[in-house]
Amino acid sequence: MNYYNILSYEEQRLINGELNVGERVIWADKPVLGSLFFKSFAIYLFAIPWTTFSLFWMYGASKGSFIFSLFGVPFVLIGLYMLCTPFINKNAEKRTIYIVTNQRAIIYKYGRKIKVKSFFPNQVANIERYQNKNGTGNIIFSSEVIYNSDGERSTNQVGFIGIKDVKKVEDIINRELLSSV
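Add 454 to a position in the sequence shown, counting from 1, and you land on the number used in our numbering.
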């Protein structure tokens, strides 16, 4: 696949700087825009009443004591952050590149910092594919279990999220990486 049509010159330069000697790109693409945006849209919907209530609470509290109304500031800030979450995710999608080489699968995120996560053949042996009716989907390499301060557990799936033609990409990974194991 010719990934030069998909990625900008700067993105190609970033990828090429990450490759090892003898490593070549077989496939590269970016997530379908909106795949993370819509995933976090429920947070946005929850944030509307949260922020509205927080602002009304601060307004009501300000009639008594200005200092008392300041207790609402953290709740307003949390609400504003939740309102921004889908847009933050959309911006992150634009700065994410998924790559399959002849040696590994790579999740490359760039911006203020560069984050590169590599998955070698022994790490992609048990990949999971989730496919939508339109052919887009996710390829999951691993799942990370995260515990919050209350001890509640959540799972973060790591892999190629929101990619086009997910079955084709899975076939490329199986052919290029798993045939050498």
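Glycine is no exception: its CB is placed at the ideal position from the N, C-alpha and C atoms.
The alpha helix (DSSP H) with residue i in it runs from where to where?
{"i": "Gln466", "result": "463 to 472"}
For residue i, which three-state DSSP category applies?
{"i": "Arg607", "result": "strand"}
{"i": "Lys571", "result": "strand"}
{"i": "Ile460", "result": "coil"}
{"i": "Val530", "result": "helix"}
{"i": "Val475", "result": "coil"}
{"i": "Gly613", "result": "strand"}
Around the C-beta of residue i, are 16 or more other C-beta atoms found within 10 angstroms, so that it is buried, or is it exposed?
{"i": "Ser519", "result": "exposed"}
{"i": "Val475", "result": "exposed"}
{"i": "Ile581", "result": "buried"}
{"i": "Thr506", "result": "exposed"}
For residue i, list the residues DSSP reports as bridge partners.
{"i": "Arg629", "result": "Paired residues: none, contrary to the question."}
{"i": "Ala482", "result": "Ile553"}
{"i": "Tyr562", "result": "Ile551, Val570"}
Return the first residue and the last residue of the beta strand (DSSP E) that residue i is part of.
{"i": "Ile581", "result": "Taken as a continuous stretch (DSSP letters only), Ile581 belongs to no beta strand (DSSP E), as it is neither H nor E."}
{"i": "Phe595", "result": "591 to 601"}
With distance defined between alpha-carbon atoms, name the residue in the options nearest to residue i.
{"i": "Gly616", "options": "Trp511, Arg583, Ser603, Thr506", "result": "Arg583"}
{"i": "Val623", "options": "Ser597, Ile593, Val527", "result": "Ile593"}
{"i": "Ala546", "options": "Lys517, Tyr564, Gln557, Gly533", "result": "Tyr564"}
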